[in-house]
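Those protein sequences? They're chains U and F, same order as listed.
Residues in the first sequence are numbered consecutively from 861, following the working numbering.
Residues in the second sequence are numbered consecutively from 861, following the working numbering.
First comes the structure, then the notes that go with it.
Protein chains: 2
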Amino acid sequence: MSPSLPQQITAAIASVVGAGPVCLHEPQFRGNEWAYLKECLDSTFVSSVGKFVDRFEADLAAYTGAKHAVAVVNGTAALHISLMLAGVQPGDEVLVPALTFVATANAVRYCGATPHFVDSETKSLGMDAVALRAHLEEATERRGGLCINRTSGRVVRALVPMHTFGHPADVESLLALARDFGLALVEDAAEALGSTYHGRYAGTLGLMGTLSFNGNKTITTGGGGAILTDDPVLAKRAKHLTTTAKLPHRWAFEHDEVGYNYRMPNINAALGCAQLERLPEFLDAKRRLHGAYQAAFESLSGASLLGEPAGCRSNFWLQAILLDESAADQRDAVLAATNDAGLMTRPIWTLMHRLTPFRDCPRAELPVAESLERRVINIPSSTYPA
Amino acid sequence: MSPSLPQQITAAIASVVGAGPVCLHEPQFRGNEWAYLKECLDSTFVSSVGKFVDRFEADLAAYTGAKHAVAVVNGTAALHISLMLAGVQPGDEVLVPALTFVATANAVRYCGATPHFVDSETKSLGMDAVALRAHLEEATERRGGLCINRTSGRVVRALVPMHTFGHPADVESLLALARDFGLALVEDAAEALGSTYHGRYAGTLGLMGTLSFNGNKTITTGGGGAILTDDPVLAKRAKHLTTTAKLPHRWAFEHDEVGYNYRMPNINAALGCAQLERLPEFLDAKRRLHGAYQAAFESLSGASLLGEPAGCRSNFWLQAILLDESAADQRDAVLAATNDAGLMTRPIWTLMHRLTPFRDCPRAELPVAESLERRVINIPSSTYPA
């Protein structure tokens, strides 16, 4: 009897990463992490101010080519503030992929706005600009320079493409659409540090972009995130809003708006500085891993490895396989077999419109997202082989 | 010519802490901070899960006597979630001292509610229960079990006493008032870890209590906070809401409400575990420092050192002096003289109702808070002499 698809996939993964237990994504601390943490502790500046925060922001800007980077407490906070600064107001709608991590939709809610879910494309797993344009032409109208949802009557203010697993969404087409419909584009590049789209870094393509440095990301600060922008006014506002909106003064406490305690502590930034130094190495290792998986999955039928979109370089944060439509009913069997073998895998996220808090939100037709939801599986993705 | 009040105060401070530069509050890392951080890094679990988070929560509960502790990203986040769980809804009002750090009022806003500012008492610098009762009797009425602001028509849902500089507010009287008016009491104990009120720890006296471990606090995690409660249902809800409201599952992503990314990273908790071990030592040092300041300020006329309220043990997080009414006009001269001498001092916070974002909020008469605002100065408060 020939091995079943779950058995074949388990074997293919094990042929690359070895026998389990292997987790989905493990960080690696073999550079200056230790030295910088010690330096931070010895300085006693572990908290809301310190040189590592300044350095991490400068290093992020230098690496990505963004003119400004503002380090914050996590990617969700980065999105929240970016949406506010993009002009999202209570009662607005924001276009968000149905296929995303829940933070994208939650951040819209924190602004008092409603996510409006749209479809993805198979190539990048990101927002489908062609389908979105057709949807907006049908579902919205322009009135007084604003894009209005015909059904809800609400202003559609912004769109938030998310670069799934580090594969850049088709930002150029989405930027054209944003221009045509009068929308602000905020990139959710939480998963895409180091990915490029036509040579430019993810997170630097829209009005603002956001990054995450959670423990499972390509580089980690423990918990952390950043806002990227080329606009000095928005950068200054982002710093202000994320640091309790306190006005500078030698001693007085004046806060000129409702601000947030979203700053990244210096000790987390110390870790980030060391991790960022090693990013090029990590990206090489992740690309090598992708090559090894390509070889392992090449001859397997029923599933294929997700590659990078044309014109892009993915950071290959999370490797993913796509089951054929005919094999979609075996997804849970694949997840069970691989996890039982100690090889951690997981499905892509449950689509946002299925979650209780977002069940009643407006949405486009989602045929591709619904298909991907049944077929995408993430496989172990750490920076091995060393 | 005899020395001026600013000169005398500068000399009194210097006689205790030495010549400057001396900052207001510097953390101390001479215990297991180093060892735990290294252990955390070596484990690779630096982020959203890890044994230090569990241990820090258990240690906090054991220390304070709270049945449950939930570690979060900072004290502001702890307040936000506690207010939500105390039932604060959009459109409600929440009683908050006008004399507090801006986070107390901001957290109310994050719930879509309006802070309603009330007066403080001179002894503790905390919410004045007597004045508040008189205010509520005049300004509110009970309707259907709810406390309604007669002017605004809004439900007054909760009150948030804050333990200023670690001096416990008169929680017993405030709890009686909360019962009488049908309000939930959430303690803002951000500054009061280790302080006790009639033998019980600050943060464990109301429905929920919140702590902060910012870099300037008695113990620090870089950035961090915690929610304390005896209620297992609230504790479970707090953990759920602060960890994106994800339902437990081997691999699936189901989130059953709009959640928050408020968890404390494991690396910050590692620091917290080491710091908490040293808390008794820190409290001793701070009490010794208070004694030294008492001696230095005893014979000085025009200003007095703030002591602990009757029946309480303060953690003496920040030492403070109170200028006599007749010397209030010299406050800025004192601030300038001390800071110029390298001895960091600062005034108490600008009252909340003076800040642009809260200018139009309802408020009681605030004679004591207004007087304290002009007269309180914090003086260097680190855990020296060693």
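All residues carry an ideal CB built from backbone N, CA and C; glycine is no exception.
These figures come from a predicted structure and were not determined experimentally.
Listed by chain order, chain F residues near residue i by CB distance under 7 Å
i: L1053/U; result: Here the premise fails: no neighbours, minimum Cβ distance about 15 Å.
i: T1263/U; result: This structure gives no information on residue 1263/U, because the portion of chain U shown stretches from 861 to 1246.
i: E886/U; result: T904
i: R1110/U; result: N1199
i: E1001/U; result: Here the premise fails: no neighbours, minimum Cβ distance about 29 Å.
Inter-residue Cα distance where the pair is residue i and residue j
i: A1246/U; j: M1124/U; result: Interpretation of A1246/U is limited by its pLDDT of 46, a score under 50 that renders its predicted location unreliable; no figure is taken from the coordinates.
i: L1183/F; j: F1218/F; result: 27 Å
i: G880/U; j: D1200/U; result: 9 Å
i: L1232/U; j: D1116/F; result: 22 Å
i: S1186/F; j: V1118/F; result: 52 Å
i: S1012/U; j: R915/U; result: 45 Å
i: L1203/U; j: Y1122/F; result: 29 Å
i: A871/F; j: V877/F; result: 10 Å
i: T1024/F; j: E1032/F; result: 16 Å
i: A1156/F; j: S875/F; result: 7 Å
i: K1096/F; j: A1152/F; result: 44 Å
i: A1036/F; j: E997/F; result: 14 Å
i: M1212/F; j: T1198/U; result: 56 Å
i: I1079/F; j: L1139/F; result: 7 Å
i: V962/U; j: T1104/F; result: 8 Å
i: D1090/U; j: L945/U; result: 13 Å
i: S980/U; j: P1092/U; result: 32 Å
i: T964/F; j: L1166/U; result: 47 Å
Residue span of the beta strand (DSSP E) that contains residue i, given as start and end
i: R1003/U; result: 1000-1003
i: V1228/U; result: Taken as a continuous stretch (DSSP letters only), V1228/U belongs to no beta strand (DSSP E), being part of the alpha helix (DSSP H) at 1227-1235.
i: F977/U; result: 974-978
i: E981/F; result: E981/F -> no beta strand (DSSP E), and no H or E assigned at all.
Partner residues on chain U for residue i, Cβ-Cβ distance less than 7 Å
i: G1004/F; result: Chain U residues near G1004/F: none, gap ~27 Å exceeds 7 Å.
i: H995/F; result: Near H995/F there are no residues of chain U at all, since even the closest Cβ is about 24 Å away, more than 7 Å.
Residues that DSSP places opposite residue i in a beta bridge
i: N1121/F; result: T1103/F
i: N1238/F; result: A1180/F, R1206/F
i: C1007/U; result: R1002/U
i: E953/U; result: T974/U, V1016/U
i: E917/U; result: Answer is none; E917/U lacks a bridge partner.
i: T1056/U; result: Y1061/U, R1173/U
i: A931/U; result: A1086/U
i: E1047/F; result: G1069/F
i: M861/F; result: DSSP, once it has assigned bridges, lists no residue as partnering M861/F.
i: M1022/F; result: D1048/F
i: M987/U; result: S980/U
i: H1115/F; result: K1106/F
i: R969/U; result: According to DSSP, R969/U bridges with nothing at all.
i: V909/U; result: Answer is none; V909/U lacks a bridge partner.
i: A1223/F; result: Looking at the sequence shown, residue 1223/F is not Ala but Arg. Answer is F977/F, bridged to R1223/F.
i: V882/U; result: L1203/U
Residue i - containing alpha helix (DSSP H), residue span
i: V877/U; result: 865-877
i: V1194/F; result: 1191-1200
i: H935/U; result: In the sequence as presented, His is not what sits at residue 935/U; that position holds Gly. Per DSSP, G935/U belongs to the alpha helix (DSSP H) from 935-945.
i: S1033/F; result: 1031-1041
i: L1165/U; result: No alpha helix (DSSP H) holds L1165/U; the beta strand (DSSP E) holding it covers 1163-1165.
i: H1150/F; result: 1139-1157
i: K898/F; result: 893-903
Residues that residue i contacts on chain U, provided the C-beta gap is smaller than 8 Å
i: A963/F; result: T1104, N1121
i: I1127/F; result: G1082, I1127, N1128, L1131
Partners in chain F for residue i, counting only beta-carbon separations shorter than 8 Å
i: E1233/U; result: By Cβ distance, chain F contributes nothing, its closest Cβ being about 10 Å from E1233/U, past 8 Å.
i: D1116/U; result: L1215, T1216, P1217
Chain U contact residues for residue i, given Cβ-Cβ distances below 9 Å
i: F1275/F; result: Since the first residue of chain F shown is 861 and the last is 1246, residue 1275/F is not available in this structure.
Practice problem: Residues of the segment 1191-1216 of chain U with a CB closer than 7 Å to any CB of chain F: list them in chain order, please. | Solution: Against chain F - using a Cβ distance shorter than 7 Å - the residues of the segment 1191-1216 of chain U are L1195, N1199, R1206, P1207, W1209, T1210, L1215, T1216.
Self-check item: Interface residues of the segment 890-902 of chain U facing chain F [CB-CB below 9 Å]
Solution: Contact annotation: in the segment 890-902 of chain U, residues whose CB is within less than 9 Å of a CB in chain F are E893, W894, L897, K898, C900, L901, D902.
Quiz prompt | Interface residues of the segment 956-980 of chain F facing chain U [CB-CB below 7 Å] | solution = V962, A963, N966, R969
Exercise. Scan the segment 905-928 of chain F for residues whose Cβ lies nearer than 9 Å to a Cβ of chain U and list them as they occur along the chain.
Key: F905, V906, S907, S908, V909, G910
Quiz prompt | Residues within the segment 1132-1148 of chain U neighbouring chain F, beta-carbon criterion of under 8 Å | solution = none
Quiz item: Along the segment 1068-1079 of chain U, what residues have a CB closer than 8 Å to any CB found in chain F?
Solution: N1074, G1075, N1076
Quiz prompt | chain U contacts made by the segment 930-954 of chain F, where a contact means CB separation under 8 Å | solution = V933, N934, G935, T936, A937
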